[in-house]
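A short worksheet on the structure shown next.
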Amino acid sequence: MIKQFLISILMMLPLAAQAGPGDMPAEQQMAIKYIQALTDHDYRTLASFYNRDSVFKDRTASKTYTGRRNIIEFFERAHRGVLEYDFNIEHMYNSGSLVVMIGNYHYRGPGSLFGKPGKVIELAIPGVTTVKLDLANHRVKEHEDLMDYQTMQDQLATQ
Numbered sequence: 371m372i373k374q375f376l377i378s379i380l381m382m383l384p385l386a387a388q389a390g391p392g393d394m395p396a397e398q399q400m401a402i403k404y405i406q407a408l409t410d411h412d413y414r415t416l417a418s419f420y421n422r423d424s425v426f427k428d429r430t431a432s433k434t435y436t437g438r439r440n441i442i443e444f445f446e447r448a449h450r451g452v453l454e455y456d457f458n459i460e461h462m463y464n465s466g467s468l469v470v471m472i473g474n475y476h477y478r479g480p481g482s483l484f485g486k487p488g489k490v491i492e493l494a495i496p497g498v499t500t501v502k503l504d505l506a507n508h509r510v511k512e513h514e515d516l517m518d519y520q521t522m523q524d525q526l527a528t529q
């Protein structure tokens with residue numbers, strides 16, 4: 371009887387150890403809201419995360435943009451014509467104000483953006499996105515993307 375009780379308690383421990391949605395660190399919650407604004411093309415909300423010192427880096431493409439206006443203009447150009455865009459976060463963690471998100475960016479848009487006019491292109495690009503946050507001022511100090519562009523090229527070759 372005692373053995374069964376202890377076994378049932380031990381089986382329930384993993385359930386008790388799981389964090390609920392409200393237990394997510396504030397940094398991760400802010401990062402998700404930021405990514406949601408980005409993938410929804412909600413530039414008004416996205417602009418509220420930046421100031422003139424904010425930096426966006428696509429390290430794999432060797433591109434860097436500084437300041438709210440330059441970052442927003444870049445995203446508006448990059449997203450023009452995109453029909454669907456989301457980031458499927460498979461793993462996320464933070465160390466203080468640095469939030470790391472690992473997953474796949476999904477794009478669906480006109481083939482003309484990729485040199486394939488008349489087609490609709492669908493891509494799932496593995497990537498790592500990091501954001502350094504200023505939680506007190508609700509700002510993204512730095513957003514850095516590391517994207518697997520080789521996988522993107524391989525997918526484009528088959529479409």
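The sequence shown lines up with residues 371 to 529 when you count with our numbering. Even for Gly, the Cβ is constructed at its ideal location relative to N, Cα and C.
Please confirm whether residue i and residue j have their CB atoms less than 8 Å apart.
i	j	result
Arg-438	Tyr-420	yes
Ile-441	Ser-418	no
Would you kindly work out how many angstroms separate the C-alpha atoms of residue i and residue j, rounded to a whole number?
i	j	result
Asp-518	Lys-403	24 Å
Gly-497	Gln-523	14 Å
Val-501	Gly-479	26 Å
Ala-401	Val-469	7 Å
Ala-431	Ala-448	13 Å
Lys-486	Lys-511	36 Å
Asp-393	Ser-482	44 Å
His-461	Ser-467	17 Å
Arg-422	Ile-491	34 Å
Tyr-435	Thr-528	32 Å
Val-472	Gly-488	It should be noted that the sequence gives Ile, not Val, for residue 472. Looking at the two C-alpha atoms, the distance is approximately 32 Å.
Leu-526	Phe-484	8 Å
Count the other C-beta atoms from every protein chain shown that fall within 10 angstroms of the C-beta of residue i, then say buried if there are 16 or more, exposed otherwise.
i	result
Ala-396	exposed
Leu-505	exposed
Asp-515	buried
Tyr-477	buried
Asn-458	exposed
Leu-503	buried
His-340	For residue 340 there is no data in the structure shown, the boundaries of the chain being 371 and 529.
Tyr-475	buried
Going by DSSP, which residues form a beta bridge with residue i?
i	result
Ser-465	Leu-468
Arg-509	Asp-504
Return helix, strand or coil for residue i, following the three-state DSSP convention.
i	result
Asp-412	coil
Leu-483	helix
Phe-534	Residue 534 cannot be examined here, being either before or after the span of the chain that is shown, 371 to 529.
Met-517	strand
Tyr-455	strand
Ala-417	helix
Asp-524	helix
Asp-393	helix
Ala-431	coil
Check whether chain D comes within 8 Å of residue i, counting only Cβ atoms and requiring the distance to be less than that.
i	result
Gln-525	No chain D is present in this structure, which holds just one protein chain.
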